[in-house]
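Working notes, beginning with the structure itself.
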Amino acid sequence: MKKITLYVVLCTLVLLSAGCGSRHSQVYYDMPSQLLSSTYEGVYVVRTQVRSKDAVTAFYDAQRKVVKEIIFDGIKAANNGVSDLKPLCLDMNAQEKYEDYWNAFFRDGGPWKEFTNYSKRRVVTTRYERDGRQMIETGTVTVDRAGIKKKLQEDGIIPKEGRY
Numbered sequence: 003m004k005k006i007t008l009y010v011v012l013c014t015l016v017l018l019s020a021g022c023g024s025r026h027s028q029v030y031y032d033m034p035s036q037l038l039s040s041t042y043e044g045v046y047v048v049r050t051q052v053r054s055k056d057a058v059t060a061f062y063d064a065q066r067k068v069v070k071e072i073i074f075d076g077i078k079a080a081n082n083g084v085s086d087l088k089p090l091c092l093d094m095n096a097q098e099k100y101e102d103y104w105n106a107f108f109r110d111g112g113p114w115k116e117f118t119n120y121s122k123r124r125v126v127t128t129r130y131e132r133d134g135r136q137m138i139e140t141g142t143v144t145v146d147r148a149g150i151k152k153k154l155q156e157d158g159i160i161p162k163e164g165r166y
């Protein structure tokens with residue numbers, strides 16, 4: 003009886019100690035991009051968040067992420083009276099269909115870079131948090147959606163007239 007009680011107590015201690023430790027919420031890290039404002043010229047200001055190993059990589063990843071979301075996913079507006087952005091490319095198979103085009107478009111220094119600006123990086127509160135090897139950066143990106151749309155229409159990825 004003494005051995006069983008000792009065994010139960012040890013098992014309970016092991017189980018309780020296994021639950022201890024730091025817990026990180028992934029909700030914070032997976033914050034979706036938010037549309038902050040727009041202009042009549044088709045330029046949009048978007049707040050986004052990326053994870054990276056250093057600030058330079060996070061800088062480019064944030065811009066690339068916003069361009070991809072504008073093309074394929076659309077962006078939800080923040081609570082500021084701006085309407086949501088629908089995706090430019092409504093074809094669900096466009097990423098597979100034009101895979102070579104997208105690889106060239108999103109490569110480092112590719113055409114996507116012409117349509118973004120990260121100038122408000124230091125003006126808006128940019129938050130860095132260290133989590134082991136990753137850096138989480140929240141920043142504001144300015145994107146020329148009208149320019150992206152024109153480029154995709156010229157390249158034949160989306161139709162020039164009609165439902166777009």
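The end of the sequence shown is residue 166 by the working numbering, with every number in the run present. No residue lacks a Cβ here, since even glycine has one placed at the ideal position from N, Cα and C.
Proximal residues to residue i (C-beta, below 7 Å), its chain only, five neighbours per side dropped
i, result
"V52", "A60, D63, A64, K67, E139"
"V47", "L38, S39, T142, T144"
"M33", "Q51"
"F107", "P113, W114"
Other residues of its chain near residue i: CB distance less than 6 Å, five sequence neighbours each side excluded
i, result
"Q155", "K162"
"K78", "D86"
"Y166", "Only weak support exists for where Y166 lies, its pLDDT of 45 falling under 50; the value from the coordinates is given anyway. Excluding residues within five positions, the ones whose Cβ falls inside 6 Å are I160."
"K99", "none"
"M82", "Inspection of the sequence shows that residue 82 is occupied by Asn rather than by Met. Cβ within range, chain order: n/a, list empty."
Outcome for residue i when other beta-carbon atoms lying within 10 angstroms are tallied against a minimum of 16
i, result
"Y9", "exposed"
"E71", "buried"
"Q28", "With a pLDDT of only 42 at Q28, under the threshold of 50, the placement of this residue in the model should not be trusted, and no figure is reported."
"A96", "buried"
Sequence-distant residues of its chain with Cβ nearer than 8 Å to residue i (five each side left out)
i, result
"C91", "I73, F74, L154, I159, I160"
"D157", "Y103"
"K115", "Q65"
"Y30", "Summary for Y30: the model assigns pLDDT 44, below 50, so the residue's position carries little reliability; its value from the coordinates is reported in the next sentence. Here the set comprises I138."
Three-state secondary structure (DSSP) of residue i
i, result
"R49", "strand"
"K162", "coil"
"L92", "coil"
"K78", "strand"
"D146", "strand"
"E43", "coil"
Whole-number beta carbon distance between residue j and residue i, since they are thought to touch under 8 Å
i, j, result
"V145", "V84", "Their Cβ separation, rounded to whole angstroms, is 13 Å, which puts V145 and V84 out of contact at 8 Å."
"S35", "R49", "7 Å"
"R147", "G76", "Between G76 and R147 the Cβ distance is about 11 Å, and since that is not below 8 Å, they are no contact."
Residue of the options minimising C-alpha distance to residue i
i, options, result
"T118", "N95, A96, G149", "G149"
"K88", "M3, K4, K151, A57", "K151"
"D110", "A80, N81, V58", "V58"
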